[in-house]
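Visitor:
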Amino acid sequence: MGYFLGIDIGTSGVKVLILDESARVIGSVNQDYPLYSPYSGWFEQDPEEIWQGTLKAVNTVIDKYSLAPKEIKGIGLSGQMHSAIFLDENHRVLRKAILWNDTRTTKQCRQIEELVGKEDLHQEACNPALEGFTAPKVFWVRENEPNIYAKTRWIILPKDYIRYRITGQIQMEISDAAGTLFLNIVKQKWSDLILERLDIDPNLLPPLVNSSEVAGYTTLEFEQLTNIPVGTPVVGGGADNACGAIGAGIVKEGRCMISLGTSGVMLAHLDQPILLNEGTVHIFNSAVTDRYYMMGVMLASGLSYSWIKEILAEDLSYQEMEELATQSPAGSNSLIYLPYLCGERTPHGDGAARGVFFGLSQSHTKKDLLRAVLEGVAFSFRDSVQLLRKAGWSGNNVRAIGGGAKSRLWCEIIASVTGLNVEVLASNEGPALGAAILAGVGVGTFKDLAQVSDSIVTTIDVIQPNPEWIGRYNQTYQIYTSLYPALKPLYELL
Numbered sequence: 008m009g010y011f012l013g014i015d016i017g018t019s020g021v022k023v024l025i026l027d028e029s030a031r032v033i034g035s036v037n038q039d040y041p042l043y044s045p046y047s048g049w050f051e052q053d054p055e056e057i058w059q060g061t062l063k064a065v066n067t068v069i070d071k072y073s074l075a076p077k078e079i080k081g082i083g084l085s086g087q088m089h090s091a092i093f094l095d096e097n098h099r100v101l102r103k104a105i106l107w108n109d110t111r112t113t114k115q116c117r118q119i120e121e122l123v124g125k126e127d128l129h130q131e132a133c134n135p136a137l138e139g140f141t142a143p144k145v146f147w148v149r150e151n152e153p154n155i156y157a158k159t160r161w162i163i164l165p166k167d168y169i170r171y172r173i174t175g176q177i178q179m180e181i182s183d184a185a186g187t188l189f190l191n192i193v194k195q196k197w198s199d200l201i202l203e204r205l206d207i208d209p210n211l212l213p214p215l216v217n218s219s220e221v222a223g224y225t226t227l228e229f230e231q232l233t234n235i236p237v238g239t240p241v242v243g244g245g246a247d248n249a250c251g252a253i254g255a256g257i258v259k260e261g262r263c264m265i266s267l268g269t270s271g272v273m274l275a276h277l278d279q280p281i282l283l284n285e286g287t288v289h290i291f292n293s294a295v296t297d298r299y300y301m302m303g304v305m306l307a308s309g310l311s312y313s314w315i316k317e318i319l320a321e322d323l324s325y326q327e328m329e330e331l332a333t334q335s336p337a338g339s340n341s342l343i344y345l346p347y348l349c350g351e352r353t354p355h356g357d358g359a360a361r362g363v364f365f366g367l368s369q370s371h372t373k374k375d376l377l378r379a380v381l382e383g384v385a386f387s388f389r390d391s392v393q394l395l396r397k398a399g400w401s402g403n404n405v406r407a408i409g410g411g412a413k414s415r416l417w418c419e420i421i422a423s424v425t426g427l428n429v430e431v432l433a434s435n436e437g438p439a440l441g442a443a444i445l446a447g448v449g450v451g452t453f454k455d456l457a458q459v460s461d462s463i464v465t466t467i468d469v470i471q472p473n474p475e476w477i478g479r480y481n482q483t484y485q486i487y488t489s490l491y492p493a494l495k496p497l498y499e500l501l
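Heads up: the sequence shown runs through residues 8 to 501, numbered per my numbering.
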């Protein structure tokens, strides 16, 4: 029996999954690594700590499931999008990676819009200049750390950096490159127009590879570190959302998922790219060759819940938190939470926005605050639902993935707020599963990506809107949507 490894480079840690040749998940392990926030709105990670965490997770999963390393037939990678890693000519890391949720680059976004032109940027990259994307981070380093920029030979993304450490090859995979603002999404090549107008040397950007393409082979050094034989194929892999879509069977037109990870995502598959007037809904290349997806992004969905746990319920398990939140009624006794801890992308595109509890009184309890956080994230998903509807999505069901999808209460709240049926999947392995599937496709074991994705996904429950909650949530949502416009001028004064 042969096996495939799926490695997902997340924000809080790395996950490594084992998939066998019959497309059965054997198991997975997680390994945390640090996240640094030296200033408000700044988020960074050390690529070396990501690498060491990956090695530990790979070795742990091999030991835990008693794998013979020689039976590993291929490796795929997934990873957090946009986060910029700067390497010198000797491939050494020059500074900590600037992450996707870092919002220090508002000024640089405006510069990019001015230099490229909003319309041309939209035509080439299919997306606006937002703080999370890679290009503004490159601009920030060039302006604020000129010595670092002068030494830079390669600009690369986290999962592509880990693939380099495994194979020795510097490349960037297309579904991840789509989130840099340097890629022509339709032509699937680096945009000469954008790079020229931004005065970015094209040689700083690696060669592009496809998601299921064999991008390289494991090195002798990697064999010495993991016992996985030298020459094991490693495919391009994909962005976390692209791989998450594969792992959830979002591989055909009309299918849609929500991801409740550190960030929140609502993603719908597209057979053809579309240009949207609403720039806070993104268009990216799918890990399915020549396909695309559109998505809304909430920067702090699961992060909001882990944050409230840390400050209010550190001694409780997530199950105990859910039991408490269940005791608060729909509407959290008239308490509303805005989940903008890191700014927000969809629908506002505002790095200055911040979180708010609105309506807080002395009568509110811990259970109200916990439920309000779950509801606030659900209201943010409703924002994305409305924008995807405007763009042409007409579905009634969404598949839920990510750690938050394990919460039945949260899924029921999301269903009741959005009016959608939330499908709970038997396997909630997400991007790591998608990465492993890509490895199997790349080496020829799986012949059709969409077919194997479909065969793996099993729905075990469909959570429908709770009719007793819908009216209350519709009323609360109207207040929720009024809060950001009222607060926007004040955010800028913080």
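Glycine included, each C-beta is placed from N, C-alpha and C at the ideal position.
Identify, in the order they occur along the chain, each residue of the same chain with its Cβ nearer than 6 Å to the Cβ of F453, setting aside the five sequence neighbours on each side.
Guide: As a working mapping, residue 453 is identified with position 446 in the sequence shown. Excluding residues within five positions, the ones whose Cβ falls inside 6 Å are G447 and V459.
Visitor: Just the C-alpha distance for V123 and V148, rounded to the nearest angstrom, thanks.
Guide: On the sequence shown, residue 123 is found 116 positions in, with the first residue counted as 1. On the sequence shown, residue 148 is found 141 positions in, with the first residue counted as 1. V123 and V148: Cα-Cα distance of roughly 19 Å.
Visitor: Does the beta-carbon of M179 have 16 or more other beta-carbons within 10 angstroms, so that it is buried, or is it exposed?
Guide: Against the sequence shown, residue 179 aligns to sequence position 172. Classification for M179: buried.
Visitor: Measure the C-alpha to C-alpha separation of Y325 and K158 and round it to an integer number of angstroms.
Guide: As a position in the sequence shown, residue 325 is number 318, starting the count at 1. As a position in the sequence shown, residue 158 is number 151, starting the count at 1. C-alpha separation (whole angstroms): 45 Å.
Visitor: Quick check: what's the CA-CA separation for D27 versus E351?
Guide: In the sequence shown, counting from the first residue as 1, residue 27 sits at position 20. In the sequence shown, counting from the first residue as 1, residue 351 sits at position 344. So the two alpha carbons sit approximately 39 Å from each other.
Visitor: Could you have a look at L227 and say whether DSSP puts it in helix, strand or coil?
Guide: Along the sequence shown, one-based indexing puts residue 227 at 220. Here L227 sits in helix by DSSP.
Visitor: Return the first residue and the last residue of the beta strand (DSSP E) that A407 is part of.
Guide: Residue numbering aside, residue 407 sits at position 400 when the sequence shown is read from its first letter. Note, A407: beta strand (DSSP E), N404 to I408.
Visitor: Between the segment 258-269 and the segment 400-411, do at least 3 Cβ pairs fall closer than 8 Å?
Guide: Contact between the segment 258-269 and the segment 400-411 is present, because at least three Cβ pairs lie under 8 Å.
Visitor: Count Cβ pairs between the segment 387-398 and the segment 435-446 that sit closer than 8 Å; are there 3 or more?
Guide: Short answer: they don't touch.
Visitor: The alpha helix (DSSP H) spanning W400 covers which residue range?
Guide: Here residue 400 refers to the residue found at position 393 when the sequence shown is read from its first residue. Where W400 is concerned, there is no enclosing alpha helix (DSSP H), given that its DSSP letter is neither H nor E.
Visitor: Considering only the beta carbon of each residue, do M273 and I265 sit closer than 8 Å?
Guide: On the sequence shown, residue 273 is found 266 positions in, with the first residue counted as 1. On the sequence shown, residue 265 is found 258 positions in, with the first residue counted as 1. The answer is yes: Cβ separation under 8 Å.
Visitor: Would you check if the segment 201-219 and the segment 49-64 touch, i.e. whether three or more CB-CB distances between them fall below 8 Å?
Guide: The segment 49-64, when compared against the segment 201-219, does not touch it at the 8 Å Cβ threshold.
Visitor: Just to confirm my understanding: we take K196, look at its own chain, exclude 5 residues before and 5 after, and list those with CB closer than 8 Å. What are they?
Guide: Numbered from its first residue, the sequence shown carries residue 196 at position 189. Only L190 and L215 meet the Cβ criterion.
Visitor: Determine the extent of the beta strand (DSSP E) in which G34 is found, giving its start and end residues.
Guide: The residue you call residue 34 lines up with position 27 of the sequence shown. G34 -> beta strand (DSSP E) spans V32 to D39.
Visitor: According to DSSP, what are the bridge partners of I290?
Guide: Your numbering for residue 290 matches position 283 in the sequence shown. Paired residue(s): M301.
Visitor: Can you grab the Cα-Cα spacing for the pair F291 / T226, in whole Å?
Guide: Stepping through the sequence shown from its first residue, residue 291 is reached at position 284. Stepping through the sequence shown from its first residue, residue 226 is reached at position 219. So the two alpha carbons sit approximately 31 Å from each other.
Visitor: Taking Y224 as the reference, give the member of N210, R172, A252 and T141 with the closest Cα.
Guide: As a position in the sequence shown, residue 224 is number 217, starting the count at 1. The candidate whose alpha carbon is nearest that of Y224 is R172.
Visitor: Where do the ends of the alpha helix (DSSP H) carrying L106 lie?
Guide: Looking up residue 106 in the sequence shown gives position 99. That residue, L106, is in no alpha helix (DSSP H); it is neither H nor E in DSSP.
Visitor: Less than 8 Å between the C-beta atoms of S90 and L101, yes or no?
Guide: In the sequence shown, counting from the first residue as 1, residue 90 sits at position 83. In the sequence shown, counting from the first residue as 1, residue 101 sits at position 94. It is not a contact, given that the beta carbons lie outside the stated cut-off.
Visitor: Starting from the N-terminal side, write out each stretch of the beta strand (DSSP E) that is 3 residues or longer and does not extend beyond the segment 332-405.
Guide: Correct list: 343-345 and 363-365.
Visitor: Are the CB atoms of E430 and T483 within a distance shorter than 8 Å?
Guide: Your numbering for residue 483 matches position 476 in the sequence shown. Your numbering for residue 430 matches position 423 in the sequence shown. Result no, Cβ atoms of T483 and E430 do not sit closer than 8 Å.
Visitor: Would DSSP call G309 helix, strand or coil?
Guide: Position 302 of the sequence shown, counted from the start, is the residue given in the question as residue 309. In this structure, G309 counts as helix in the three-state DSSP scheme.
Visitor: Can you give the Cα-Cα distance for A104 and K166, rounded to whole angstroms?
Guide: As a working mapping, residue 104 is identified with position 97 in the sequence shown. As a working mapping, residue 166 is identified with position 159 in the sequence shown. The alpha-carbon atoms of A104 and K166 are separated by roughly 12 Å.
Visitor: In this structure, does DSSP put G256 in helix, strand or coil?
Guide: Position 249 of the sequence shown holds residue 256. DSSP places G256 in coil when its eight states are reduced to three.
Visitor: Quick one, which of E126, D127, G338 and L137 has its alpha-carbon nearest E115's?
Guide: If you number the sequence shown from 1, residue 115 lands on position 108. Looking at the sequence itself, residue 115 is Gln, so the reference to Glu does not match. Measuring from the Cα of Q115, the nearest candidate turns out to be L137.
Visitor: Would you mind sorting R31 into buried or exposed? The rule is 16 or more other CB atoms within 10 Å of its CB.
Guide: The sequence position of residue 31 within the sequence shown is 24, counting from 1. Looking at its Cβ environment, which holds fewer than 16 other Cβ atoms inside 10 Å, R31 is exposed.
Visitor: Under three-state DSSP, which class holds V123?
Guide: Taking the first residue of the sequence shown as position 1, residue 123 is located at position 116. In the structure shown, V123 sits in a helix (DSSP, three-state: H, G or I).
Visitor: I need the DSSP call for Q52, collapsed to helix, strand or coil.
Guide: The sequence position of residue 52 within the sequence shown is 45, counting from 1. Q52 falls in the strand class under three-state DSSP.
Visitor: What three-state label does DSSP hand E430 in the structure shown?
Guide: On the sequence shown, residue 430 is found 423 positions in, with the first residue counted as 1. Of the three classes helix, strand and coil, the one that applies to E430 here is strand, per DSSP.
Visitor: Count the other CB atoms within 10 Å of the CB of D247; is the residue buried (16 or more) or exposed (fewer)?
Guide: For the purposes of this step, residue 247 is taken as residue 240 along the sequence shown, with counting starting at 1. Its Cβ being crowded by 16 or more others within 10 Å, D247 is buried.
Visitor: Out of G186, T488, A359 and L432, point me to the one whose CA is closest to V405's CA.
Guide: The residue given as residue 405 occupies position 398 in the sequence shown. Checked all of G186, T488, A359 and L432; the closest Cα to V405 is L432.
Visitor: Looking at the secondary structure, which residues open and close the beta strand (DSSP E) in which P240 lies?
Guide: As a first step, residue 240 is located in the sequence shown; it is residue number 233 there, counting from the start. From DSSP, the beta strand (DSSP E) with P240 extends over P240 to V242.
Visitor: If you draw a straight line from the alpha carbon of F72 to that of Y10, how long is it in whole angstroms?
Guide: Reading the sequence shown from its first residue, position 65 is the one you call residue 72. Reading the sequence shown from its first residue, position 3 is the one you call residue 10. A small fix is needed here, since residue 72 is Tyr in this sequence, not Phe. Cα to Cα, the separation comes out at about 11 Å.
Visitor: According to DSSP, which residues form a beta bridge with N191?
Guide: Here the question's residue 191 lines up with position 184 in the sequence shown. Looking at the DSSP assignment, N191 forms a beta bridge with K196.
Visitor: Would L503 and G244 be called neighbours here (beta carbons separated by less than 8 Å)?
Guide: In the structure as shown, the chain starts at 8 and stops at 501, and residue 503 therefore has no counterpart that could be examined.
Visitor: Using the C-alpha atoms, what's the distance from T239 back to L500?
Guide: For this step, residue 500 is matched to residue 493 along the sequence shown. For this step, residue 239 is matched to residue 232 along the sequence shown. Their backbone Cα atoms lie some 54 Å apart in a straight line.
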